[in-house]
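Oh and the sequence shown: position 62 is 54 in this note's numbering, straight run, nothing missing. Input: a single structure, listed below in structure tokens.
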Amino acid sequence: MLDYLAATERLAPSSSLIHGAEFLLHELALLLKIILEFIAILIVAIALLKSIRQYVRYFRHQSYTVQPSIRLELGISLALALEFLLAADVVGTAVSPRWNEIAKLAAITGIRTFLNFFLHREVRELQETQRSAYAASAEPSAK
-7 MLDYLAATER LAPSSSLIHG AEFLLHELAL LLKIILEFIA ILIVAIALLK SIRQYVRYFR
53 HQSYTVQPSI RLELGISLAL ALEFLLAADV VGTAVSPRWN EIAKLAAITG IRTFLNFFLH
113 REVRELQETQ RSAYAASAEP SAK
């Protein structure tokens, strides 16, 4: 019994070192998560401001149809922001995750992946529409 107590006393400093390292890692992960979420918010805010500015410009020129280029740029920005938010969620659960956090991450990842899939599909369709419109407008000038 005395040997056990002596051994645990010798291990105590290394145990506190492990707890200190785990605390530091947890704090760094939290900081990285906050930074990634901030970047995602910044991407969305900038994309919205650009889209509003472009929409107002089209509206002033009596072009009342929503331009596909506005939707395309906004969609690409939203997809990028979703990727940053997903990375933030992964970083948030990377350090000593609990089953509850893993379940939340799985649900959030599923939802964001679903959103991202449809966002990418819509972006692809808008890009194809723009390419065909560009090709159609370039065709008469080639004749």
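Using N, Cα and C, we set each Cβ at its ideal position, and we do this for glycine too. Since we're looking at a predicted model, the values are computed, not measured.
Secondary structure of residue i, DSSP reduced to three states
{"i": "His53", "result": "coil"}
{"i": "Thr101", "result": "helix"}
{"i": "Val87", "result": "coil"}
Residue interval of the alpha helix (DSSP H) (run including residue i)
{"i": "Arg63", "result": "60 to 84"}
Identity of the residue in the options nearest residue i by Cα
{"i": "Leu24", "options": "Phe51, Ser69, Thr85, His53", "result": "Thr85"}
{"i": "His18", "options": "Arg104, Ser61, Pro89", "result": "Pro89"}
{"i": "Val29", "options": "Arg52, Phe51, Leu72, Gly12", "result": "Checking the displayed sequence, the identity of residue 29 turns out to be Glu instead of Val. It is Leu72."}
Same chain, Cβ closer than 6 Å to residue i, five either side skipped, listed in chain order
{"i": "Ser69", "result": "Ile35, Ala39"}
{"i": "Leu77", "result": "Ala32"}
{"i": "Leu97", "result": "Asp81, Thr85"}
Other residues of its chain near residue i: CB distance less than 8 Å, five sequence neighbours each side excluded
{"i": "Leu64", "result": "Val115, Leu118, Gln119, Gln122"}
Near the ligand MG: residue i beta-carbon under 6 Å from a heavy atom
{"i": "Ala80", "result": "The ligand MG is not part of this structure, which contains no ligands at all."}
Cβ-based neighbour list, residue i, same chain, cut-off 7 Å, excluding 5 preceding and 5 following
{"i": "Arg104", "result": "Leu74, Leu77, Leu78"}
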